[in-house]
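These notes are about the structure you will find just below.
Numbering (my numbering), first residue to last: 53 to 253.
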């Protein structure tokens, strides 16, 4: 089962897995509100997956993270806690894959990023609430492995973009937002494209 199956990452994973011999359940927020423990129990008990990929999350760019910090923290913590609680009580789940984010690394972490840099400094101020929730998910996966013997892996992608992404100029992540700005500048024959920050990166 793949949660977040209508999002950028979840839909890509679901499409890819659907070409395999496995039975794949793509779960969207319309199917189950992962913030609601009773819905999680009802839907997950019915599907009872053996392998669970947690791709569901409340995501957004810098502006969205800065504008709705409590929402990003609480919604993501609730989704993770409810799903991980169901997993620890499950008799069938053998493996959990958690889709994290590279934003969990400290703001000034050495490049290239290494796992040893985690928790060694302050997080990026604009998305530290989202990052804290993602850190909780990663440690939750480790806890399941230690206490219940459930195999778990956390994957930390960075700067993803593609089909199904949020290309909103203000709420999207940096790459899709920039793609939209470049596209609109081209079709409207604009002389320049305005980017946030210094532009050096």
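The beta-carbon is built from N, C-alpha and C at its ideal position, and this holds for glycine as well.
| Item | Value |
| --- | --- |
| Look at the alpha carbon of residue 190 and the alpha carbon of residue 252, and state the distance between them as a whole number of angstroms. | 31 Å |
| Compare the C-alpha of residue 210 against each of 220, 192 and 183 and name the closest. | 183 |
| Would you say the stretch 119-138 touches the stretch 162-175, given that touching needs at least three Cβ pairs under 8 Å? | no |
| Would you call the stretch 141-155 in contact with the stretch 92-108, where contact means no fewer than 3 C-beta pairs closer than 8 Å? | yes |
| May I have the straight-line CA-CA distance separating residue 159 from residue 180, to the nearest angstrom? | 10 Å |
| Rounded to whole angstroms, what is the Cα-Cα separation between residue 96 and residue 242? | 50 Å |
| State yes or no: is the C-beta of residue 192 within less than 8 Å of the C-beta of residue 136? | yes |
| Quick check: the stretch 113-120 against the stretch 69-76, are there 3 or more CB pairs under 8 Å? | no |
| So, for residue 196: in the same chain, excluding its five sequence neighbours on each side, which residues have a beta-carbon less than 8 Å away from its beta-carbon? | 136, 139, 140, 148, 202 and 204 |
| Tell me which residues share the same chain as residue 78 and place their Cβ nearer than 6 Å to its Cβ, disregarding the 5 neighbours each side in the sequence. | 54, 57 and 66 |
| Write down the C-beta distance between residue 60 and residue 212 rounded to the nearest angstrom, noting that I regard them as a contact closer than 8 Å. | 6 Å |
| Going by C-alpha to C-alpha distance, which of 81, 146 and 86 sits closest to residue 104? | 146 |
| Going straight from the alpha carbon of residue 225 to that of residue 236, what length do you get? | 17 Å |
| Skipping 5 residues on each side, what residues in its chain have a beta carbon closer than 8 Å to that of residue 177? | 159 |
| Could you please give the first and the last residue of the uninterrupted alpha helix (DSSP H) stretch that includes residue 96? | 89-99 |
| Below 8 Å CB to CB, which residues in the same chain sit around residue 172 once its five sequence neighbours on both sides are set aside? | 158 and 161 |
| Return helix, strand or coil for residue 178, following the three-state DSSP convention. | helix |
| Considering residue 62, what are the terminal residues of the alpha helix (DSSP H) in which it resides? | 60-69 |
| Among 230, 134 and 239, which residue has its Cα nearest to the Cα of residue 249? | 230 |
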